[in-house]
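K.L.:
This is the structure I want to talk about, given as structure tokens.
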């Protein structure tokens, strides 16, 4: 028989017709009579497909044997005939048969019977799983397979034994009916407390595990309830005092956690459902973080995972937190706007001091000393937490949040396009409580999180110095997973420290005021809700959320010890000076990086500067960069180091970032120029895996020293880029590499590709093949070509680029640059636009000794 319902005319439903005709009392029907006959089940589903259109549209139906309770399950457009009509002719009529079927299915004892079958199926499938495992072990023991295919056959044969197919089909039938897309069935369930409680209790069964088929059935049914009766279901969900515990107990079951996630996504800023407040009050964030805490067994020195279930549980908690962060991002960073719920109390709690301290001290910094004397770090916990922190930073980058009300017009570029956020506009927007009142959906502030990590950088540096325990058989030095993830964390925290919001002391103060107001709002809201709603029976969402309207900013008072109102506090904050309020007075004789300015910034740093200060004091920057060449084939680590260096070169100069730049050039510190030169002078085979990243770092140095006046920052930079060896690297190695990179793949010999995207054929050009070690000497040392003139033997074959003007020469002096000089063609203008300070803009006065700021960033 075809399972496609529209291939079966209603007249062919003989089994269903006979069954319905035989019913004279709906209360006497047993659910087993329905599910035991698969032909009856199929015809039943066909009939539901046939009538669901009219029912879902609210058609008029006469229910012949309805009791008063069933009336509640019907729409306003459905009418009920309560007379006891025993006319058997009704079974022959299509409409009458459909109505009688629906009336039967919504009987409480029938629905309860279907739910009972689902409940029993959990234990049934668990026992089947145990039997299969036992059969598999027995089969393999009796006949040891010699090949993988034989082993698969043995397993499949073992699984086919001891199955109760009849009960499996009953479970499938019950699930199909309960999840059928017709409004009457879910309405009946949700409006009957005993039915919805019975259905919900299945989620709490111990054996409802990932491999249990009942999981997909129960989730499908609950999804149908959420779609058809979202308000009623969410009212029910909010009343579950153990809501969070119920779902976290199933955190290893993806389908159930996905359903929990969909419930959370119903609570949007423009249509709140109260779910976020409910699970926040049940400490969902704290409980998730608690799962991430390491257990003693995780530090056992074994070649295998001692408790894979524990690791899987922690990974599942991490994935859930990352997914929550993703849908809670600022609108500008939303992955899918339709499913985004924006910043909320959950993500705000995740970056709170209490939670971040737990993450840092109880998870990431945990370590033990094994019996062999070696220190074991919490690698799995570090991996989990680093991925969470990275997601938090990327999805809450305030520099992309241009939603500043009427102040947004101040962010436009000269061409009318959107600009970038700056401290002035952000401060004005945050202090305007009338246009931008504090609320639970405010953007997340990452300053407290960054400060805690800054305070503990020296402890993370200690982890970097712990030699990892190599796998069995590995004798060479390895970077180790802990050191790699910590380096990745530092690079991402540096991103965070460069955010505009974290480099203003004014903004941090105003955010403190907003936090204070938000806390009082939350207290008033909870009080209003407790007084307004008793949660008897089925409260409406509008009742739950209407308390928000009662919370007015005008009613919020500060704590007694403050003795001020917020307007006076803001006036005091406006007097605080930020680094961007004025340009420092500098010259080649008095550069920006000096001991006086070092003491001044350290005395009262912004959160962003505080992180950079600790980055130097903890020696963690030196430790990371110093490992760059030690692990020559770890390209993932090389990429992290390059990211770190690139950020420093592109950071704001009028801040402690300039001191980081100097650290990169100091001879007794990172000494990047010497590191690069030595690497290219050292002729070894095979070439180390980091050579390509050194080229990229070299390009960043050249670009930086071309865009800015290094002598206004520090003489250390001038000395580093003026050495004879560095000039050799730039004029020989770097330019040859550019020429190679410009060769068009598949082009004829001699063809290159310039910035105008046109092919050029320079005379006497020579192709250099990447990866061909035979031309190494010619590539690095520029062996003369016999076809060239003797005077040109020592001259490198380079593209038509004046590299000498891309880096200062040894005779750098404070005299102004020629106004007619232009930046190199190889430095694209869009790169210049993304830097935070420049003295090379064409329209600027080159006689000025100022750390100029690009207008796109700061005007």
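Numbering (this note's numbering), first residue to last: 5 to 863.
For each residue, glycine too, the CB sits at the ideal point set by N, CA and C.
Please return the same chain residues whose Cβ sits closer than 7 Å to the Cβ of residue 433, not counting the five positions on each side in sequence.
P.N.:
408, 409, 411 and 440
K.L.:
Apply the 10 Å Cβ neighbour rule to residue 306 and answer buried if 16 or more other Cβ atoms are within range, or exposed otherwise.
P.N.:
exposed
K.L.:
Hey, quick one: how far does the beta strand (DSSP E) through residue 372 stretch, first residue to last?
P.N.:
371-373
K.L.:
For the candidate residues 196, 299, 613 and 263, whose alpha-carbon lies nearest to that of residue 113?
P.N.:
196
K.L.:
By alpha-carbon positions, which one of 570, 425 and 482 ends up nearest to residue 634?
P.N.:
482
K.L.:
Starting from the C-beta of residue 670, find all residues in its chain whose C-beta is less than 7 Å away, skip the five residues before and the five after it, and write them out in chain order.
P.N.:
720
K.L.:
Ignoring anything shorter than 4 residues, give me the alpha helix (DSSP H) runs that lie fully in the region 332-388, in order along the chain.
P.N.:
349-354 and 357-361
K.L.:
Assuming residue 717 contacts residue 676 under a Cβ cut-off of 8 Å, what Cβ separation, rounded to an integer in Å, is found between them?
P.N.:
The Cβ separation is near 15 Å, so there is no contact.
K.L.:
I'd like to check one pair, residue 332 with residue 452: are the Cβ atoms closer than 8 Å?
P.N.:
Not closer than 8 Å, so no.
K.L.:
Which parts of the region 253-306 are runs of the alpha helix (DSSP H), unbroken and 4 residues or longer, counting only runs that do not cross its ends?
P.N.:
258-268, 279-285 and 288-296
K.L.:
Just how far apart, CA to CA, sit residue 680 and residue 318?
P.N.:
41 Å
K.L.:
If we call anything under 8 Å between Cβ atoms a contact, is residue 194 one with residue 229?
P.N.:
When the beta-carbon positions are compared, residue 194 and residue 229 come within less than 8 Å of each other.
K.L.:
For residue 20, which residues in the same chain have their Cβ closer than 7 Å to its Cβ, ignoring the five residues on either side in sequence?
P.N.:
44, 47, 48 and 51
K.L.:
Go to residue 671, then tell me how far its alpha helix (DSSP H) extends in each direction, as first and last residue.
P.N.:
Run containing residue 671: none; DSSP gives neither H nor E here.
K.L.:
State the Cα-Cα distance for the pair residue 613 and residue 507, rounded to the nearest angstrom.
P.N.:
7 Å
K.L.:
Pull the bridge partners of residue 594 from the DSSP assignment, please.
P.N.:
591
K.L.:
With a cut-off of 8 Å, do at least 3 Cβ pairs link the region 655-667 to the region 575-590?
P.N.:
Touching, per the Cβ criterion.
K.L.:
Quick check: what's the CA-CA separation for residue 517 versus residue 466?
P.N.:
For residue 517 and residue 466, the distance between alpha carbons rounds to 36 Å.
K.L.:
Around the Cβ of residue 55, are there at least 16 other Cβ atoms within 10 angstroms (buried) or fewer (exposed)?
P.N.:
Residue 55 comes out buried.
K.L.:
Rounded to whole angstroms, what's the CA-CA distance from residue 176 to residue 314? Just pull it up for me.
P.N.:
32 Å
K.L.:
From residue 258 to residue 39, what distance separates their C-alpha atoms?
P.N.:
29 Å
K.L.:
Is it buried or exposed, residue 282, if we count other Cβ atoms within 10 angstroms and call 16 or more buried?
P.N.:
buried
K.L.:
The alpha helix (DSSP H) that contains residue 732, what's its start and end?
P.N.:
728-732
K.L.:
For the pair the region 179-195 and the region 126-138, tell me if three or more CB-CB distances fall below 8 Å.
P.N.:
no
K.L.:
Restricting to runs no shorter than 4 residues, where is the alpha helix (DSSP H) found entirely within the region 414-477?
P.N.:
427-435, 451-459 and 461-468
K.L.:
Relative to the C-alpha of residue 370, which candidate in 18, 345 and 302 has its C-alpha closest?
P.N.:
302
K.L.:
So residue 207 is in the alpha helix (DSSP H); what residue range does that whole segment cover?
P.N.:
Neither: residue 207 is in no alpha helix (DSSP H) and is coded neither H nor E.
K.L.:
Using three-state DSSP, classify residue 404 as helix, strand or coil.
P.N.:
helix
K.L.:
May I ask you to report which of helix, strand or coil DSSP gives residue 516?
P.N.:
helix
K.L.:
Suppose contacts are defined by Cβ-Cβ distances below 8 Å. Is residue 33 in contact with residue 108 by that definition?
P.N.:
Judged by their CB atoms, residue 33 and residue 108 are nearer to each other than the 8 Å cut-off.
K.L.:
Considering only C-alpha positions, which residue in the set 511, 334 and 234 is nearest to residue 1?
P.N.:
Summary: the structure shown does not reach residue 1, with the chain confined to residues 5 through 863, and so no result is reported for it.
K.L.:
According to the Cβ coordinates, are residue 223 and residue 186 closer than 8 Å?
P.N.:
no
K.L.:
Would you call residue 430 buried or exposed, if buried means 16 or more other Cβ atoms sit within 10 Å of its Cβ?
P.N.:
buried
K.L.:
By the three-class DSSP mapping on this structure, what secondary structure does residue 503 have?
P.N.:
coil
K.L.:
Which class does residue 481 belong to by DSSP, given the choice of helix, strand or coil?
P.N.:
Coil, per DSSP.
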